[in-house]
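Heads up, the thing below is written out as structure tokens.
Protein chains: 2
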Amino acid sequence: MSSLKKNQEQELIDKIKDWTGSTKIGDDCAVLPGGSLASVDTLVDGVHFRTGSISFRDLGWKAVAVNLSDIAAMAGRPRHILVSISAPASLAERALAELYRGISECARSYRVEVAGGDLTGGPVLSISITALGEVHEQGVLLRSGARPGDLLVCTGDFGASAAGLHLLEQGESGGRHTYVIERHCRPVPRLCEAWALLRACGGRGALMDASDGLADAVIQLAMASGVSIELEAEKVPVHQECIEIAGLAGFDPLDWALYGGEDYELVGCIDRNSFAVLESYGKLNPFHVLGFVNSITKETELNLSNSAAQIRLDDNRLVELDGQKSFQHFENKPN
Amino acid sequence: MSSLKKNQEQELIDKIKDWTGSTKIGDDCAVLPGGSLASVDTLVDGVHFRTGSISFRDLGWKAVAVNLSDIAAMAGRPRHILVSISAPASLAERALAELYRGISECARSYRVEVAGGDLTGGPVLSISITALGEVHEQGVLLRSGARPGDLLVCTGDFGASAAGLHLLEQGESGGRHTYVIERHCRPVPRLCEAWALLRACGGRGALMDASDGLADAVIQLAMASGVSIELEAEKVPVHQECIEIAGLAGFDPLDWALYGGEDYELVGCIDRNSFAVLESYGKLNPFHVLGFVNSITKETELNLSNSAAQIRLDDNRLVELDGQKSFQHFENKPN
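Chain order of the listed sequences is A and B.
For what it's worth, the numbering used here labels the leading residue of the first sequence as 63, then goes sequentially.
For what it's worth, the numbering used here labels the leading residue of the second sequence as 63, then goes sequentially.
Right, here's the structure in full:
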């Protein structure tokens, strides 16, 4: 589903910053004066979903969840959403009701109120959700907070959403593979997990959500923080169902984990003492260690790059993560 | 451009309130705890504009202006916008740059910062803007604040945007009719005017912006406040260019003023003492009197309606304003 590659997207973001003179663009949410957080994401039929392969109720859930995930990515608390939908006049009212039902379910699950929005016509279904919230009283975690010596940590597992999408695109409703379907259709914003991380690290760390894949998250953290990050392949958590489906389909599950996207897990960098606090929670600790943060090496600087994101493969080779392979949405529906 | 009629839209809004359990839907903006205002509006190619008949720069301006107008409609102060654009991959970067240029121009003109957003693919250009602001320190003006005995007041003139659209749809760039083209392509959010009204009435009044025509605004104010409002046709301000173009095109300029929409003028209800304060500003008073607010009569109640919005025509006949004729956007692009 990808045609705009990562570095093109980065260039475009830089241009938008230039065109608008905005200093707030670039993290998961805008942090506004007074400690408000605001974020918007749009899902378009044929680009981010296909109405045939996800129910309207799940779609409503997902549209809200991905926006709440942006608030989680800053360790904030979501409070309100605005819902702007454009839909073809041919869309049945029943479908619209199911869509709003899913929206409300997700909002209520995280104590978020639907505060407004609009509904208008359009050639395809498009759902734009604005999430509004507030920063946590202990601060905000930005992408730029990683420091050499930190551990790279994450919640959950990666690749399951891509596995679920693969099944749905094959016309399968999942059968016994309920986990990956659920992960694709009903992602969970990691709010409580983000707050646990913030409490453990006291605000000294980096955080984002991995909407475009684990590799992209690691690259973004390295770039924003001006550090080098090494990810260890053997430590990347991949669910058994994802491994099975990738095996049957002839894909590498690590590829789905790194580049598939839409897992909406948290990826962050915190120091070892903070991780020890999380570890003291025992089974209640939602974070795994994935790797570590280093200073930029001379070699990296000679390559004219001020950051680096690498993966240590099982055979001990160290290779650059490929920013070009990340999942990006900038494409028309194939007609 | 209208296929969803006003009462269908009202029914749909009631259903959305029901589906989402939201108590905040229904006014121009959501008023959030702490005095924040938030509003979102989406403009879709083929529904709200046609890329052939408006420049990308004007389109960017307009997309922001209509959202700031929602903040003005509550007498609030806009502070930030989020910009979510979905665009076909075929859209030239030059066009995108012009679009963001217009967005920035409008934002900067009203001291509003672009705080974030996203850019994604989609089959047609769609621009969703979230406006965030704060309530005025003297309070907020809702649609529901009209009281019997109030005067009905407005800013500016009506019908000019419809006249401009008519010219643009005829393929005319306006020629000497620069006023109506400007009114259609670069509407002005009436922020200072709203603040003047709020100061004059001390918060005791009703206000909204007439995005769907003057008639719709009067009907909405009457419904939300549970009052009867009488509009006087001879007092409706219509610009000379609008009268000329309507004459040439065989339209009634009053019809454009009442039902054309997109003028983004303010329509409100305040008491006579408050209007006297505005009048004391002399030429600096931006408001005209259009009519007055009455109690619901027995006759109206017998008609099972709890509000009424009527117009006194030049021949002294009193007729109901037609909610069905109002300009609504819920339609596909005709293919």
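All C-beta atoms in this analysis are idealised placements derived from N, C-alpha and C, irrespective of residue type, glycine included.
What does the Cβ neighbour count give for residue i, buried or exposed, with the cut at 16 atoms within 10 Å?
i: S188/B; result: buried
i: L229/A; result: buried
i: L259/B; result: buried
i: P315/B; result: buried
i: S146/B; result: buried
i: P348/B; result: buried
i: T85/A; result: exposed
i: C254/A; result: exposed
i: R156/A; result: exposed
i: R205/A; result: buried
i: E341/A; result: exposed
i: S287/A; result: buried
i: T104/B; result: buried
In chain B, which residues lie less than 8 angstroms from residue i when you measure between Cβ atoms?
i: L144/A; result: A92, A100, S101, V102, T192
i: G138/A; result: Here the premise fails: no neighbours, minimum Cβ distance about 13 angstroms.
i: A256/A; result: Near A256/A there are no residues of chain B at all, since even the closest Cβ is about 18 angstroms away, more than 8 angstroms.
Could you give the DSSP three-state label for residue i: helix, strand or coil?
i: T85/B; result: coil
i: L383/B; result: coil
i: P140/B; result: strand
i: N378/A; result: coil
i: H301/B; result: coil
i: D271/B; result: strand
i: N129/A; result: helix
i: E350/A; result: Going by the sequence as given, residue 350/A is His instead of Glu. Residue state, collapsed to three classes: strand.
i: G122/B; result: helix
i: E393/A; result: Because E393/A carries a pLDDT of 36, less than 50, the predicted location of this residue cannot be relied on, and the following value inherits that uncertainty. Looking at E393/A - three-state DSSP - the assignment turns out to be coil, as it is neither helix nor strand.
i: C91/B; result: coil
i: G221/B; result: coil
i: D180/A; result: strand
i: L227/B; result: helix
i: V242/B; result: helix
i: V58/A; result: Limits of chain A in this structure are 63 at one end and 397 at the other, which puts residue 58/A out of reach.
i: D103/B; result: strand
i: V280/A; result: helix
i: E199/B; result: coil
i: G309/B; result: helix
i: S171/A; result: helix
i: E294/B; result: strand
i: L340/A; result: helix
i: A154/B; result: coil
i: E324/A; result: coil
i: L161/A; result: helix
i: I358/B; result: coil
i: L187/A; result: coil
Under 7 angstroms Cβ-Cβ, which residues of chain B neighbour residue i?
i: Y162/A; result: I78, W81, T82
My assumption, with CB atoms under 8 angstroms, is that residue i sits in contact with residue j. Please give the rounded CB distance.
i: V275/A; j: L320/A; result: Checking the sequence, you will find Gly at residue 275/A rather than Val. Right, their Cβ atoms sit about 6 angstroms apart.
i: V242/B; j: A222/B; result: 5 angstroms
i: V13/A; j: V289/A; result: Nothing can be reported for residue 13/A, as the shown portion of chain A is limited to 63 through 397.
i: M270/A; j: V339/A; result: Not a contact, Cβ separation roughly 21 angstroms.
i: A151/B; j: G183/B; result: 6 angstroms
i: L94/A; j: L74/B; result: Wrong, their Cβ atoms sit about 31 angstroms apart, outside the cutoff.
i: R252/A; j: A134/A; result: 5 angstroms
i: E327/A; j: G218/A; result: 4 angstroms
i: A125/A; j: I191/A; result: 5 angstroms
i: G353/A; j: E294/A; result: 5 angstroms
Below 7 angstroms on C-beta distance, what does residue i contact in chain A?
i: S188/B; result: S148, G184, S188
i: D180/B; result: V102, D103, T104
Residue i touches chain A at which residues, Cβ-Cβ below 9 angstroms?
i: S166/B; result: W81, T82, G83, S84
i: A157/B; result: Within 9 angstroms Cβ-Cβ: nothing; A157/B doesn't reach chain A, min ~12 angstroms.
Would you mind telling me which residues of chain B sit closer than 9 angstroms to residue i, beta carbon to beta carbon, in chain order?
i: E231/A; result: Correct list: empty, because the minimum Cβ distance to chain B is about 18 angstroms.
i: V109/A; result: S148, T182, G183, G184, P185
i: L74/A; result: E155, L158, L181
For residue i, return the contacting residues in chain A, with the cut-off set at a CB-CB distance below 8 angstroms.
i: I87/B; result: V176, A177, G178, G179
Worksheet item: Do the region 214-222 of chain B and the region 126-133 of chain B touch if we need at least three Cβ pairs shorter than 8 angstroms?
Response: no
Discussion item. So, does the region 303-322 of chain B touch the region 190-203 of chain B, judging by three or more C-beta pairs under 8 angstroms?
Written reply: no
Worksheet item: Does the pairing of the region 135-143 of chain B with the region 174-191 of chain B give three or more beta-carbon distances under 8 angstroms?
Response: yes
Practice prompt. Could you tell me whether the region 146-161 of chain A touches the region 148-164 of chain B, using the rule of 3 or more Cβ pairs below 8 angstroms?
Written response: no
Worksheet item: Pairing CB atoms from the region 347-362 of chain B with CB atoms from the region 377-384 of chain B, are three or more of them under 8 angstroms?
Response: no
Worksheet entry | Three-pair Cβ contact test at 8 angstroms for the region 292-303 of chain A versus the region 82-101 of chain A | no
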